[in-house]
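For the record, in the sequence shown the residue sitting at position 340 is 366 according to our numbering, with numbers rising by one throughout.
Notes follow the structure.
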Amino acid sequence: MTEPDPAFLAQAQAMLRQHQAAENVRQQQQGHGNPIVSWMDDANDFRFVAVKTTLHWGKNWVIFPNFLDYFMKQTLGHEWGQREGSKGQHPLFRWLEKTQAYTGHTPGEPKVKTIVMMGFIACWLHLAYALYLIAHHDEIPQLLLKRLRNHVDFMPAYHEVIAGAALAVAGMEIACAETKAGSMPTPEFRAKSKTSGKTYEVEAKRKNSWKAPTSDVTNAEFQRELEGYVRDQIYKASKKKLTNPVYWFELSIPTMMSEADWRAVAEKAEAAIRDAENSMTVDGQPIAPAYIVITNHTFLADENLPGTPCVGFLQTIKIDDFPFGRPMEIEAALEGYDKHRDIFWLMEAWKTASTVPTTFDGSPPELLDSDGKPQPTVKIGTTMEVPDMDGKIVRATVEEVCSWGDKAMLGVAANGRHWYVEMPLTAGEAQAARRYTDAVFGKHNASRGLRGDDPFELYDWLLKAHASMTQEQADKFFEENLTVAHYKGLPLKEARVRVAREYTKWTWMRSQQDNAAKAQQATAANEAAS
């Protein structure tokens, strides 16, 4: 077979790297679930969006939230909207009316403008995005839609939609568990992992209101109510005797909280969980193991607040191999991390569902012009005019980009020569690079620095790094390292995991030793100085 022209091959490789970089940015916005599938028919000014296998189209969908507004109304039903909107009882129509008054577009204004996000916008926007995520990854249960249409059931059902979206993005098939008269108690969802095959039963509950003042979360009255609520919900959920249960409790504290406030809430909630773990019984028997997710979406409790603050954390009851919150040898911790990946993916998926994308294609919103179109920016592989080492303006190919603050250093090449030039960044480029790394400039291997206190993040990175390792490479690794030589011959999938684990353990243990040595040196230096 004839080899391709070297110049063409180099161009193809550059295009591949740019695609990988764009996918990096997209995943930071949309997560690792199904990507937004959308394209423009420029001749007729139609935007098309595929939701799983269903195609939607419309005009004036400049940014993704424009489509979400349409999709939510289409999903809940236009006839229902016309009928319920006039009654003035359903919260959704209040949110939409406030949004229209707040963001109303007048002739001559840009199609895309920056506004301060308000709670009432966040309320409907997060609902619309969650419905889209469920539909795009799985199927929206009809019972859930029925509950959303009922103004009495709407807010509890809203919380179920948020949980359902996270389950769907995490790669689970979800179904509502309908309760029939005289039947056994059931959860809100049954969710089957497409990866592990496990089925989880999810109990999702939201606190409707608070009797205690919430302005000071360290106040004894508030903490008593918080502790009582968490214990009551654990007891009620445990009474259902679910299989592989996930209890998801939404606090809806109506005050904006600082990180210190949220840590105080999390600490008190964890204390209530530990107390229930040690002392609670149902029908005379200790309560069963469970995962517990606790979240707080402030805008659901006060729709007039600015911003979209939402926080959450994960705890467990009686799951001894869960790798957080207890001392554990590193191999056992990595084993537990792999065993409970379904739930870790669930939390990552919740983070994804908590951030609504602005663009259809994953373009950083900071790089949009006033018409919603991406602005051109420097990319690796592109050709541009720059001064050479003698100050003469030449056309050169960008080979590397490294940004800091409002500047970037470009590695460029022309006529067999390689050099660096400094380039100022626009405010949008600088902001996009801070949020999404230099992947916004087409750098396919750009990544954020790994946290030194998190071996699991290092482990995930190493798993990706060895995802294409061959059987021969794995066997050679085991041959060259006598302490793990007995693993030679492992099936390739298991061998890749083992290699990643060994590298993680070695790196982690060395870092711990280095930290201990530095701490000892600092102590000695302080003692000498005193």
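Yeah, the Cβ is synthetic: ideal placement off N, Cα and C, and Gly gets one too.
**Message:** Taking the alpha carbon of E285 as the reference point, which residue from K266, V243, K267, D258 has its own alpha carbon closest?
**Reply:** V243
**Message:** Taking the alpha helix (DSSP H) that E25 belongs to, which residues open and close that run?
**Reply:** Beyond the ends of the chain as shown, which are 27 and 556, falls residue 25; an answer cannot be given.
**Prompt:** For the putative contact between K233 and E293, defined by C-beta atoms under 8 Å, what is the C-beta separation to the nearest angstrom?
**Reply:** Not really, about 18 Å apart at Cβ, beyond 8 Å.
**Request:** Go ahead and pull the three-state DSSP assignment for K113.
**Result:** coil
**Asked** So what's K218 in DSSP terms, helix, strand or just coil?
**Response** strand
**Cβ neighbour criterion (16 or more within 10 Å) applied to N304** = exposed
**Asked** Which residues in the same chain have their Cβ closer than 7 Å to the Cβ of T129, if we skip the five residues on either side of it in sequence?
**Response** I141
**Message:** Output needed for M66: all residues of its chain with C-beta closer than 8 Å, excluding positions within five of it in sequence on either side, in chain order.
**Reply:** F72, R73, F74
**Asked** When the Cα atoms are used, what is the spatial distance from D258 to G338?
**Response** 19 Å
**Message:** So that I know if they touch, is there some Cβ in chain B lying closer than 8 Å to that of A217?
**Reply:** Absent from the structure is chain B; it holds one protein chain and no more.
**Asked** CB G468 to CB I406, shorter than 8 Å?
**Response** yes
**Asked** How about K265 and E251: are their beta carbons less than 8 Å apart?
**Response** no
**Request:** Starting from the C-beta of H162, find all residues in its chain whose C-beta is less than 7 Å away, skip the five residues before and the five after it, and write them out in chain order.
**Result:** N60, V77, K78
**Message:** Buried or exposed, going by whether 16 or more other CB atoms sit within 10 Å of the CB of S112?
**Reply:** exposed
**Asked** Of all the alpha helix (DSSP H) runs that stay within the bounds of the region 167 to 195, which reach a length of 4 or more residues?
**Response** 168 to 175, 180 to 195
**Prompt:** If we call anything under 8 Å between Cβ atoms a contact, is A526 one with Y462?
**Reply:** no
**Asked** Exposed or buried, which one is M535 when buried takes at least 16 other CB atoms within 10 Å?
**Response** exposed
**Request:** Below 8 Å on the Cβ atoms is my guess for I166 versus L157; work out the distance and round it to an integer in Å.
**Result:** 6 Å
**Message:** Less than 8 Å between the beta carbons of W8 and W106, yes or no?
**Reply:** Residue 8 cannot be examined here, being either before or after the span of the chain that is shown, 27 to 556.
**Message:** Quick check: what's the CA-CA separation for A207 versus M144?
**Reply:** Because the pLDDT at A207 is just 46, under 50, the model does not fix this residue reliably, and the point stays unresolved.
**Prompt:** Taking C-beta to C-beta, are Q46 and H470 nearer than 8 Å?
**Reply:** yes
**Message:** Whether or not the region 499 to 512 and the region 344 to 351 are in contact is what I'm after, with contact meaning three or more pairs of Cβ atoms, one per stretch, closer than 8 Å; do they touch?
**Reply:** no
**Prompt:** Near T408, what residues of its chain come up, given a Cβ to Cβ distance below 6 Å and the 5 sequence neighbours on each side ignored?
**Reply:** V424
**Asked** In three-state terms, what does DSSP make of G208?
**Response** Interpretation of G208 is limited by its pLDDT of 49, a score under 50 that renders its predicted location unreliable; the figure taken from the coordinates is listed afterwards. DSSP places G208 in coil when its eight states are reduced to three.
**Request:** Quick one: grab the DSSP three-state call for L153.
**Result:** helix
**Message:** Less than 6 Å between C-beta atoms, sequence neighbours within five positions excluded: which residues of the same chain meet that for K124?
**Reply:** F146
**Message:** Measuring CB atoms only, is the region 354 to 361 touching the region 318 to 327, in the sense that at least three cross pairs come out at less than 8 Å?
**Reply:** no
**Prompt:** Under three-state DSSP, which class holds L331?
**Reply:** coil
**Asked** Which first and last residues belong to the alpha helix (DSSP H) in which R443 is found?
**Response** That residue, R443, is in no alpha helix (DSSP H); its beta strand (DSSP E) goes 443 to 450.
**Asked** Can you list, in chain order, the stretches of the alpha helix (DSSP H) that have 4 or more residues and sit fully within the region 479 to 505?
**Response** 481 to 491
**Message:** Spatial neighbours of L488 within its chain, please: C-beta separation below 7 Å, excluding the five flanking residues on both sides.
**Reply:** A526, Y529, T530
**Message:** Out of A521, G190, H492, K490, which one is the CA nearest neighbour of E505?
**Reply:** A521
**Prompt:** What residues in its chain sit with their C-beta under 7 Å from that of W83, if we drop five residues either side in the sequence?
**Reply:** F72, R73, F74
**Message:** Between the alpha carbons of E2 and A375, how many angstroms are there, rounded?
**Reply:** In the structure as shown, the chain begins at 27 and stops at 556. Residue 2 is therefore absent and cannot be evaluated.
**Request:** Counting only runs of 3+ residues fully inside the region 324 to 392, write out the beta strand (DSSP E) ranges in chain order.
**Result:** 336 to 343
**Residue of Q115, V427, W371, G515 minimising C-alpha distance to F482** = W371
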